[in-house]
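For the protein sequence lines, the chains are A and B, in the order given. Sequential numbering of the first sequence, starting at 1, is according to this note's numbering. Sequential numbering of the second sequence, starting at 1, is according to this note's numbering. Where is the CB? At the ideal position from N, CA and C, for every residue including glycine. Everything numeric in this text was worked out from a predicted model, so none of it was measured. Report on the following structure.
Number of protein chains: 2
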Amino acid sequence: MALIVQKYGGTSVGSIERIRNVARRVAHFHGQGHQLVIVPSAMAGETNRLLAMAREISPDPNPRELDVVAATGEQVTIGLLAIALQELGLRARSYTGGQVRILTDNSYTKARILDIDEANMRRDLADGTIVIVAGFQGVDADGNITTLGRGGSDTSGVALAAALKADECQIYTDVDGVYTTDPRIVPEARRLDTVTFEEMLEMASLGSKVLQIRSVEFAGKYKVKLRVLSAFDDPQSAAEGTLITFEEDDTMEQAIISAIAFNRDEAKISVMGVEDKPGIAHSIVGPVAAANLDVDMIVQNIGASGHTDFSFTVSRGEYLKTMEVLANERGKGFTAREIIGDNKVCKVSVVGIGMRSHVGIASKMFKALADEGINIQMISTSEIKISVVIDEKYLELAVRVLHKAFGLENAPVQPA
Amino acid sequence: MALIVQKYGGTSVGSIERIRNVARRVAHFHGQGHQLVIVPSAMAGETNRLLAMAREISPDPNPRELDVVAATGEQVTIGLLAIALQELGLRARSYTGGQVRILTDNSYTKARILDIDEANMRRDLADGTIVIVAGFQGVDADGNITTLGRGGSDTSGVALAAALKADECQIYTDVDGVYTTDPRIVPEARRLDTVTFEEMLEMASLGSKVLQIRSVEFAGKYKVKLRVLSAFDDPQSAAEGTLITFEEDDTMEQAIISAIAFNRDEAKISVMGVEDKPGIAHSIVGPVAAANLDVDMIVQNIGASGHTDFSFTVSRGEYLKTMEVLANERGKGFTAREIIGDNKVCKVSVVGIGMRSHVGIASKMFKALADEGINIQMISTSEIKISVVIDEKYLELAVRVLHKAFGLENAPVQPA
């Protein structure tokens, strides 16, 4: 008997019939003797519908009130799923984020989980009740409703698994695992049986939509065993999905490169001709962060004649606001010759834990892109990934040539 | 400057444009210097949509979970209305029932308000913030979400007005006041400028859909000044609606009969040939009440040869369940020759505070019905109303002939 947290995405609970299917799936696992905590998202399309109403009233709705509205999507699903499980003769009980209580900070629309009270859930699990917790939401110390931001239900699932020390956190979605890249772009893309936590982290942050990055961070921090599976396969004969591992015992069997990740939601901003002196990066990024805007890649070249150029990327939705923040700050916190931006770019990355001990990955990547005439605008590297910013129109082409260049269509072979 | 609680019904907030209209109306009153607590219902149709999903999953959904689902309707509206008010440059803050906190008992789907914490609302009102409270919902002592039953937002409004000792509770709806009867049945029906609390209570319980009965009881108990108005008239030139009064100072100017009320949602049950002895009524009604079923009219005739017949009415939705309860109880708590029922009946009543001091109302009523060949199945009277149960098919005819028989199309004249 294991304690398992199962998170079901919006597509999996997108209709009454699908909610019934999830209930049958949950009943199957309950029948195997597991203790279960179920974390459903809002029904597909519901969060968008709710946010659209708020935005129809105001282009910039108050975030506290936006969360009050948005949180109802998951609240509907938990009640319906509880009813569906009870209809199958099982004991089930729903909890909103506030009822659990999932305590967050008060950063509305992108709150962070601070603490989870296990008491109610433990009591229910002990008497055989299936616990259903609304994903995506929490409550701040003053009792205000908060939401965790898009994809936050994954984070809810992992955080609950961490708090309950669950044996496994299963993320049920409309794909059956993590692939070497998006199969819609590269038909030869292959499902990975395992992927390391660090690779997953890089892939999530690079826009592989399977898991939200914060959920992977959480899983890593609290050593939660995380598995991605399809909510639509027959549970009796379900594939094992992709397990996210934390050990590197078998590094020698790892492929050098595991996946080609990409993110279309990128905008590039360059602050040209800033003074090349200590503190300049902070004077630019500081105000952006203070405005609660997320910065992704940051690149600064070696300066010449006392000046340098500073570039970074943000999500497209925050592009205009970021440009505005910088325009206001220019001449105060920093001086610059010019601030230029481009929101028609994308990011493509090669990711792999095996990259650490191998040279030549970067040159192979750059050559593959150059052979297709794709110009690289920015480069950034980490221990296990190399990312490039390129013109958006080359996204699919770049992903395809890189997938082929690194032979990802074939199962991994032992590196030489 | 007054403290006013305004309740807006589902039709008034039935679309984004209507929510904007309510915001403009609220802004108008705020501009007059009033402190405002706004209680919106769910957007028209939303509660039905939510309940239908639950019922699609289970014919008899768990009431706790049903309330979790149903309460989201009002939660959406409070957030959207707060955003709409903020968009007009006003300070506004939404509260769910749990956030206020509106403490109820744990009778899910028909909970009763036990206590209201004023602290958050007082603080907001003091700094000029418009307070928006979700109608229809509360929270029990264990933090479970509860709802007050259909029309419960009226009760929320009145209870909030009572707790805050508001100067007036205004119920905005799609009619501009209380009428002598339903204008859809009698075109000559006339809007009443005032109606006494007791008359309103009888009319509400008899199915005039303007106000929920519990809200009127609450208003009477706590002496809340209650006014029914149209949410669609221009606030600048709005009619005064109908004020529900508690004084009888001007009884002499009252019409003898104020209104013809009716209720189509009736089912009749007769327990025939029960023992005519003390405690028999309790032995029948007790188990029905214990099953949380509401009994409306109760009639028992004088018995003969040690036996009597006991009849009562319930709402049609509870008819089958009530029959089942009685079938189970028969032979245990009571013996009966026969239990018969009819769910194709309705109730029609004449209501008027002036009736107290006048005889002949009953005979006038019975004659008017007899003249049309309408058979009376049950009769029940109170100080200020006479109700009859008749075949459902005669409802409109009965209302029309009674409205005419008592001259309700004319403004009241001083009784002789």
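Pairing A/Ser311 with A/Asp265 gives a Cβ-Cβ distance that is not under 8 Å. A/Val13 and A/Leu81 have their C-alpha atoms spaced approximately 9 Å apart. Residue ranges of uninterrupted beta strand (DSSP E) with 3 or more members, entirely inside the stretch 188-246 of chain B and ordered along the chain, are 194-196, 226-230 and 242-245.
Secondary structure remark: continuous beta strand (DSSP E) runs of at least 3 residues inside the stretch 102-163 of chain B, in chain order: 102-104, 113-116, 130-133, 137-139 and 145-147. Contact annotation: in the stretch 46-62 of chain A, residues whose CB is within less than 7 Å of a CB in chain B are Leu50, Met53, Ala54, Glu56, Ile57, Ser58, Pro61 and Asn62. Restricted to the stretch 264-305 of chain A, the beta strand (DSSP E) segments that are unbroken, complete and at least 3 residues in length are 295-300, listed in chain order. Along the stretch 82-97 of chain A, the positions whose C-beta sits under 7 Å from a C-beta of chain B are Ala82, Ile83, Ala84, Gln86, Glu87 and Ser94, read in chain order. Under the three-state reduction of DSSP output, A/Gln6 falls in the strand class.
Contacts with chain A at 8 Å (Cβ-Cβ) do not include B/Ile130.
A/Lys364 and A/Lys332 have their alpha carbons spaced roughly 43 Å apart. With a contact defined as Cβ atoms closer than 8 Å, A/Ala166 and A/Ile4 qualify at about 6 Å.
Closer than 7 Å at the C-beta level to chain B, one finds no residue of the stretch 170-201 of chain A. With the rule of 3 Cβ pairs closer than 8 Å, the stretch 91-101 of chain A counts as touching the stretch 129-141 of chain A. Taking the C-beta atoms as reference points, A/Leu201 is found nearer than 8 Å to A/Glu217.
Looking at B/Asn343, B/Gly360, B/Ala281 and B/Lys347, the one whose alpha-carbon comes closest to that of B/Ile376 is B/Lys347. For B/Gly10, the closest alpha carbon among the candidates B/Arg25, B/Glu372, B/Val351 and B/Glu46 is that of B/Glu46. For the pair B/Arg400 and B/Ser15, the Cα-to-Cα distance works out to about 35 Å. Here A/Val325 really is in contact with A/Leu293; their C-beta atoms are around 7 Å apart, less than 8 Å. Using a CB distance cut-off of 8 Å, B/Glu65 counts as an interface residue toward chain A. Around the C-beta of A/Ser258, 16 or more other C-beta atoms lie within 10 Å, and the residue is accordingly described as buried.
Within chain B, not a single residue places a beta-carbon under 7 Å from that of A/Thr322; the smallest gap is close to 24 Å.
The CB of A/Leu160 never comes closer than 7 Å to any CB in chain B; the least such distance is about 18 Å.
The closest CA to that of A/Ile185, considering only A/Gly79, A/Ala261, A/Lys268 and A/Ala291, is found on A/Ala261. B/Met378 sits in a strand when the DSSP states are folded into three classes.
Taking a cut-off of 8 Å for Cβ pairs, the stretch 366-376 of chain B and the stretch 333-343 of chain B do not touch, as fewer than three such pairs fall below it. With respect to chain A, the C-beta atom of B/Gln75 has a partner C-beta closer than 8 Å. Pairing B/Ala70 with B/Leu85 gives a Cβ-Cβ distance that is not under 8 Å. For B/Pro183, same chain residues with a beta-carbon under 7 Å away, outside a window of 5 residues either side, are Ala189 in chain order. Classified as exposed, A/Ile302 has fewer than 16 neighbouring CB atoms from the shown chains inside 10 Å of its CB. Interface residue (Cβ-Cβ distance to chain A less than 8 Å): B/Gly152 is not classified as such. C-alpha of A/Val351 to C-alpha of A/Met203: approximately 7 Å in a straight line.
Excluding the 5 residues flanking it on each side, A/Met53 has same chain C-beta neighbours closer than 8 Å at Val69, in chain order. A direct Cα-Cα distance of roughly 44 Å separates B/Ile379 from A/Val76.
Nearest Cα to A/Glu329 within the set A/Gly354, A/Val299 and A/Val274: A/Val274.
Each residue's CA atom was taken as its position, placing B/Ile390 and B/Ile374 some 7 Å apart. Rounded to the nearest whole angstrom, the C-alpha separation of B/Ala304 and B/Phe136 is 47 Å.
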